[in-house]
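Okay, so the sequence shown: first residue is 1 according to full-length UniProt numbering, each after it adds one. We put the CB at the ideal spot given by N, CA and C, even for glycine. Only one structure is covered here, and it is reproduced in the block below.
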Amino acid sequence: MTIEKVTSNSVLVHWKPPERSEFTEYSIRYRTESEKQWIRLPSVKATEADVTDMTPGEKYTIQVNTVSYGVESPNPQQVNQTVRPNPVSNIAPLVDSNNITLEFPRPEGRVETYIIHWWPTEQPEQVSMKNFTEVNTILPYPGTLSDDEKTVEEPPLVRLLIGDLMSGVMYNFKIQTISYGLTSDLTKLQTRTMPLIQSEVVIVNNMHTRDMVTLSYTPTPQQSSKFDLYRFSLGDPSIPDKEKLANDTDRKVTFTGLTPGRLYNITVWTVSGKVSSQPIQRQDRMFPDPITMLEATSINDTWIALKWDIPKGEYTSFEVQYLMNDSHYVQNYTVNNHITITDLKPHRNYTITVVVRSGTESSVLRVSLPISANFQTKEALPGRMDKFAPIDIQPSEITFEWSLPPNEQNGIIRQFTITYGLDGSQHTQVKDFRPNELRGSIKALQPGKSYVFRIQAKTAIGYGPEHIWKQKMPILAPPKPETQVVPTEVGSSATTIEIRFRKHYFSDQNGVVTTYTIIIAEDDSKNASGLEMPSWRDVQSYSVWPPYQVIEPYYPFKNSSVEDFTIGTENCDAKKTGYCNGPLKSGTTYKVKVRAFTAPDKFTDTAYSYPIRTAQDNTSLIVSITVPLLIIAMLVGVVLFLRRRRHTGRKTTEQRTNDNMSLPDSTIETSRPVLVKNFAEHYRMMSADSDFRFSEEFEELKHIGRDQPCTFADLPCNRPKNRFTNILPYDHSRFKLQPVDDEEGSDYINANYVPGHNSPREFIVTQGPLHSTRDDFWRMCWESNSRAIVMLTRTFEKGREKCDHYWPHDTVPVYYGDIKVTLLNDSHYPDWVITEFMMTRGEQQRIIRHFHFTTWPDFGVPNPPQTLARFVRAFRERVGPDQRPIVVHCSAGVGRSGTFITLDRILQQIQVSDYVDIFGIVWAMRKERVWMVQTEQQYICIHQCLLVVLEGKEGTEREIHDNQGYEEPRDDDQQSEEQLLIENRSDDELDEVAAREQHQQNGTAGGIENHELDRRRSATVEIVDNELVMMQQANFTAGETTEEELLDEEEEVEVTVDGLMIVSRKQSHQQ
């Protein structure tokens, strides 16, 4: 039996018939080696049979037997035969740059192994071969590794991976299946790996070439991949792809004819044969076309309506840009080609720009070239004046200064108009001023009357809103008459003088003269300028009568312009109070002057008349009787006068405890401007008679602001934070720290806002920090964003601590709370030191300058005054007007601090104004913090500093170099000055001081008191007493010393200041 033909599913079996045997037919059966059941074919009579429907690749056993009438022979013939396995078909290659996966349906039947041969088409000699054995799984071929058989899972599709191939290369494949050593027919395949692309692509696109884009690329190395060309596409069917050969050195591709504003998807490949690499994909949008026309369809005073053309190409929206007058940049967006811009300022030039936008922030935004045009809004009514205030006020004339901010003009200003009239009256007057005038005067006003002034600016549209100022015109003393205008003698007797004076002696220019009085003097060398004049009774104890007032003020000119008045007509025995027109001495020469009043405290005197002599009484008897009586009367008068004086002194002392009472602001003037050109003459007038007028003027500031509450400073939790118990911050202007964790009093520091030249809150005035409050001090500097500290005291003066050394001693950083302070550098000058510190809190840092004036004695003044003026100049050269607030402190934070701020203000004021108002500045500061400019000496010093500045005697500061010394003033020198002041006192003053010391030793309640002394007493020594009161009270309150130690200290200092020289003086008298 033989096998004649084998296919993948059939076998042709041939056999020879048996010899010498009868049989009727052949039976045929077959089975696989793994099966036990035979499959029978129909019986045949021929000697061959075609066995079909066999499984490809299987190994079969085929038996043939003879059959005779249904009986088979016992010895069948058999043969073993394997059917050829099915070949691989329908191969779908899956390629990438280094691998080819052959994917095909699994061949039907049995397959033991897949045999694959492959080689590069261009290199047929480099043949590789791999067997894949199939059990359950097919594993990928691991490249050039050993031919270990791999098991594969039997899926519907077979995937055979050939790896480590060259990118972009064409490969030939031959594939066969094997089963029981029998191979299938050969299957061939040719395919290519995917080329690589390792190029960088740069898109060149700009707003000037809006229909064109250029792609620049770097080459992909040929050694890493084989490829023929580069292909570029914009993803737009209307734009053909572009190709560049792999070896082309011009590595740029330009696409033209593109649509402005359109988004293009840019793709780049390398191509090998017909196989492309993985793509590089980019997106870019063409710049949109700009608009070509921008015009206004309508313009009003606050809005502009615009329209423009629609650009070619694609766009998303329009952006309209313009700059407001406050430098605020405004952007509006619209999808329409028109817009109305509102909230504009009248009569302003606006540059409006329109930009075309295509895309969004998330999808490649491109904007066009900007197109701009200038437009001006129409005029409107002007805005409100930001300044309208008087700079000079005279009884019948007022001069105003005003300003209209440029952003409020709203057009071309035609004029300024001031409408004015009496307060409450319907009758008004109008005065116009040219548009370039920013100050002007209103004359012919009534002194003492209240006026309402209204100013308005005017454009072509009309008048703007009113700015109102109410002003009560001051009443001053009448103008001084000429020296030749004096009362004249009408007649006289032994005890009377009749004089004549006229109404026209005094002008009503400074106010209506309401009353007159008469002053007569036997000795006209004595001072007669005071408001309170002695009466006739007061001068009876003098042998030569000083000036005295004859009568109570009265008005004599009701029916006549001439007044004849007789002096000496009353019997003063019956009139016990007030002024009395008592008899004159006979045979005595007098001089008379007339005093005119515009107000109870505003008066002017004529010059004294020519001497007028009373008649002589020739009766010797009368004389012999009168002389002893006069002597006795004079003695009695002297005794009474001395008793009255002592009584007055005690009464004055008792009244000193009421110094803290406050007077209404309406009782004193709040402003006394002086022309700068007249300041030298003003200073000489004020300093005459031992600074008498300075004393008067400073006295008027005594009670300013004292009625204002200091509630927070007096809380129990805040009292220890005050250096002095009588220097407390007013509630309304105190600086408030940021509270810390709801801790009571954590917002408190002894500091007030005080106005400056540039701002109502330009300065923060505070006390010299205590050791316990220096952290709060630095916190205040940080929270106020201050960039400058002015320190006007030394840390110790006369052995007493005036201020804590609250800053680092060297460049090692020091933490004050959570604020780190580092000393950066310092510059030393003869009288001051300028230091720069770095403040750090968290991640934030700030530079702050420290200006330390080192030669200012406590309660004294710098000598010479040029020193202080130069210091203020040096400060202002380094600190601009916008660097505020400025922290200023001395020890108490009132005297020296107020002096510094006043001088800083007036030195700036004289640069922009013809007037200076020292009185008004101090008045305003005292409304914000107690005792600003504490002493009369400091008040005078301000005037002295201004005088040396106006006279050009300032000089310049000089920095101390390394080879120069620096030394603070010696306290001994200051004490010597105080002792000298004490030694120069009069005996009356020494007696009064001794009496005050005795009064204290007798247990006067309240400790050391400030007694009222004669106006001639030294202001410096009086302030030293004030200092003692404050220092001792502060030490006792803060618990720094015991009560016994406090009393010892008080006695020691008191003796040093007042007692030592008094004892010395008394001993010298006894010797």
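Whose CA, out of the options, lies closest to the CA of residue i?
i           : options               : result
residue 180 : 113, 488, 213 and 221 : 113
residue 596 : 572, 616, 531 and 633 : 531
residue 468 : 15, 724 and 385       : 385
residue 478 : 500, 490 and 507      : 507
residue 244 : 259, 227, 238 and 260 : 227
residue 722 : 767, 195 and 590      : 767
residue 445 : 439, 509 and 497      : 509
residue 200 : 40, 312 and 282       : 282
residue 404 : 278, 160 and 438      : 438
residue 885 : 15, 953, 761 and 782  : 761
residue 412 : 401, 391 and 376      : 376
residue 325 : 168, 472 and 406      : 406
residue 931 : 952, 754, 28 and 829  : 754
residue 278 : 764, 97 and 424       : 97
What are the boundary residues of the alpha helix (DSSP H) that residue i is part of?
i           : result
residue 699 : 679–699
residue 783 : 774–783
residue 875 : 866–878
residue 791 : From DSSP, residue 791 is part of no alpha helix (DSSP H) but of the beta strand (DSSP E) over 788–791.
residue 851 : It is not in any alpha helix (DSSP H) - residue 851 instead sits in the beta strand (DSSP E) that spans 844–853.
residue 922 : 918–926
residue 217 : Run containing residue 217: none in the alpha helix (DSSP H); it sits in the beta strand (DSSP E), 209–217.
residue 937 : 936–950
Going by the CB atoms, is the gap between residue j and residue i shorter than 7 Å?
i           : j           : result
residue 907 : residue 856 : no
residue 757 : residue 905 : yes
residue 519 : residue 549 : yes
residue 103 : residue 157 : yes
residue 698 : residue 686 : no
residue 487 : residue 609 : yes
residue 568 : residue 547 : no
residue 493 : residue 615 : yes
residue 861 : residue 803 : no
residue 581 : residue 612 : no
residue 787 : residue 819 : no
residue 161 : residue 90  : no
residue 346 : residue 305 : no
residue 342 : residue 372 : no
Can you tell me where the beta strand (DSSP E) holding residue i begins and where it ends?
i           : result
residue 815 : 814–816
residue 255 : 252–255
residue 597 : 589–599
residue 897 : Careful: residue 897 lies outside any beta strand (DSSP E), inside the alpha helix (DSSP H) at 895–912.
residue 439 : 439–442
residue 883 : Counting along the chain, residue 883 falls outside any beta strand (DSSP E), and DSSP gives it neither H nor E.
residue 332 : 329–334
residue 564 : 562–567
residue 403 : 397–403
Name the DSSP beta bridge partners of residue i, please?
i           : result
residue 101 : 94 and 161
residue 118 : 128 and 173
residue 549 : 519
residue 298 : 305
residue 63  : 29 and 78
residue 348 : Paired residue(s): none; residue 348 is not in a bridge.
residue 469 : 453
Mind the definition here: the region 937–957 touches the region 861–877 only if three or more C-beta pairs lie below 8 Å; say whether that holds.
-> Touching, yes.
Mind the definition here: the region 692–703 touches the region 718–728 only if three or more C-beta pairs lie below 8 Å; say whether that holds.
-> Not touching, per the Cβ criterion.
Three-pair Cβ contact test at 8 Å for the region 295–309 versus the region 209–223 = The region 295–309 is not in contact with the region 209–223.
Per the contact definition of three or more C-beta pairs closer than 8 Å, is the region 493–503 in contact with the region 450–463?
-> Verdict: no, contact absent.
Does the pairing of the region 842–852 with the region 920–933 give three or more beta-carbon distances under 8 Å?
-> They do not touch, by the three-pair rule.
Cβ pair count under 8 Å reaching 3, the region 578–594 against the region 460–467 | Verdict: no, contact absent.
With contact counted as at least three CB pairs below 8 Å, one residue from each stretch, are the region 353–363 and the region 286–296 in contact?
-> By the Cβ test, the region 353–363 is in contact with the region 286–296, since at least three Cβ pairs between them sit closer than 8 Å.
Would you check if the region 386–396 and the region 325–337 touch, i.e. whether three or more CB-CB distances between them fall below 8 Å?
-> Verdict: no, contact absent.
For the region 913–920 and the region 821–835, state whether three or more C-beta atom pairs, one from each stretch, are separated by less than 8 Å.
-> No contact exists between the region 913–920 and the region 821–835.
Touching or not, the region 43–53 and the region 11–18, by the rule of three or more beta carbon pairs under 8 Å?
-> A contact exists between the region 43–53 and the region 11–18.
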